[in-house]
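In the order they appear, the protein sequences are chains A and B.
So our numbering is basically just the index in the first sequence, starting at one, shifted up by 6.
So our numbering is basically just the index in the second sequence, starting at one, shifted up by 101.
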Amino acid sequence: DTEVTQTPKHLVMGMTNKKSLKCEQHMGHRAMYWYKQKAKKPPELMFVYSYEKLSINESVPSRFSPECPNSSLLNLHLHALQPEDSALYLCASSQGRRTDTQYFGPGTRLTVL
Amino acid sequence: GDSVTQMEGPVTLSEEAFLTINCTYTATGYPSLFWYVQYPGEGLQLLLKATKADDKGSNKGFEATYRKETTSFHLEKGSVQVSDSAVYFCALSPPSSNTGKLIFGQGTTLQVKP
């Protein structure tokens, strides 16, 4: 099974709301990633977890808060977002070595009103 | 720093035409190189990869060769189909990375017409 699942598929939220995105993989991968992708642009790395610990934070605003409850799950908590945060949020996982393939989920399409 | 440069699109071809999408990179040492494809409304999926110089990655009729001397990893396919219409991303993973971090090029949109 090489599937990464993400929920929800679509999310609409106001600027005062709190919501969470969820990602799950059952491939035994040790690294998990959050990316943000705007239309017609490449994915931008936000966070990397390695062995359930935050390894990379690419200077992401604190209104995005990642969490890795266990080796299979990755959450992204959202609070007080801005309309410019509207984007496709992609989760990925891999074994974490530079030669390894990253497996991507289908993404969550987020709209901030 | 490390970076990837792809040819700008969109690229529009007729079915059965030959495809080349250029990709060059800047990195110290020997990065791993990848081509990912994104179909409309979906996430990215690996198309092919090469992890050392002179390696050739291939999949579904697509090929790319890791050329250290020209720092390139051009994507080719001999005969494209309408179903190949998608956005193609060239990416590298730096040799220093211990997290598998990817650095992407800007992406090239391919449209294949019947």
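Glycine included, C-beta positions come from ideal geometry on N, C-alpha and C.
The structure presented is a predicted model; accordingly, all values stated were derived computationally and were not measured.
Going by other Cβ atoms of all chains shown within 10 Å of its Cβ, with 16 needed for buried, is residue i buried or exposed?
{"i": "THR114 of chain A", "result": "buried"}
{"i": "SER99 of chain A", "result": "buried"}
{"i": "ALA154 of chain B", "result": "exposed"}
{"i": "THR22 of chain A", "result": "exposed"}
Kindly say whether residue i, judged by its beta-carbon, lies nearer than 8 Å to any beta-carbon of chain A.
{"i": "SER186 of chain B", "result": "no"}
{"i": "PHE219 of chain B", "result": "Since the displayed chain B opens at 102 and closes at 215, residue 219 of chain B lies outside it and no answer follows."}
{"i": "THR152 of chain B", "result": "yes"}
{"i": "SER133 of chain B", "result": "yes"}
{"i": "PRO195 of chain B", "result": "yes"}
Looking at the unbroken beta strand (DSSP E) that takes in residue i, where does it start and where does it end?
{"i": "GLY158 of chain B", "result": "157-160"}
{"i": "PRO75 of chain A", "result": "70-76"}
{"i": "GLU177 of chain B", "result": "176-178"}
{"i": "TYR85 of chain A", "result": "Note that residue 85 of chain A is His in the sequence shown here, rather than Tyr. Here the beta strand (DSSP E) through HIS85 of chain A covers 79-85."}
{"i": "GLU164 of chain B", "result": "163-166"}
{"i": "SER184 of chain B", "result": "SER184 of chain B -> no beta strand (DSSP E), and no H or E assigned at all."}
{"i": "GLN12 of chain A", "result": "10-13"}
{"i": "VAL66 of chain A", "result": "Segment: none, VAL66 of chain A is in no beta strand (DSSP E) and carries neither H nor E."}
Identify, in the order they occur along the chain, each residue of the same chain with its Cβ nearer than 6 Å to the Cβ of residue i, setting aside the five sequence neighbours on each side.
{"i": "THR172 of chain B", "result": "THR125, TYR126"}
{"i": "HIS85 of chain A", "result": "LYS24, ARG69"}
{"i": "PRO49 of chain A", "result": "TYR41, GLN43, LEU96"}
Leaving out the 5 sequence neighbours to the left and right, which residues in its chain are closer than 7 Å to residue i when beta-carbon positions are compared?
{"i": "ALA58 of chain B", "result": "The structure shown does not extend to residue 58 of chain B, since chain B spans only 102 to 215, so no value can be given for it."}
{"i": "TYR137 of chain B", "result": "LEU145, GLN146, LEU147, LEU148, PHE190, ALA192"}
Express the C-alpha separation of residue j and residue i in angstroms, rounding to a whole number.
{"i": "VAL188 of chain B", "j": "THR13 of chain A", "result": "23 Å"}
{"i": "GLY144 of chain B", "j": "PRO112 of chain A", "result": "4 Å"}
{"i": "GLY158 of chain B", "j": "MET19 of chain A", "result": "42 Å"}
{"i": "GLY102 of chain B", "j": "GLN88 of chain A", "result": "30 Å"}
{"i": "ASN123 of chain B", "j": "GLN212 of chain B", "result": "16 Å"}
{"i": "MET33 of chain A", "j": "GLU9 of chain A", "result": "8 Å"}
{"i": "VAL183 of chain B", "j": "THR210 of chain B", "result": "13 Å"}
{"i": "THR166 of chain B", "j": "THR105 of chain A", "result": "15 Å"}
{"i": "PHE163 of chain B", "j": "THR11 of chain A", "result": "27 Å"}
{"i": "ASP91 of chain A", "j": "ALA151 of chain B", "result": "34 Å"}
Strictly under 8 Å for the Cβ-Cβ distance: is residue i near chain B by that measure?
{"i": "LEU80 of chain A", "result": "no"}
{"i": "SER100 of chain A", "result": "yes"}
{"i": "GLY20 of chain A", "result": "no"}
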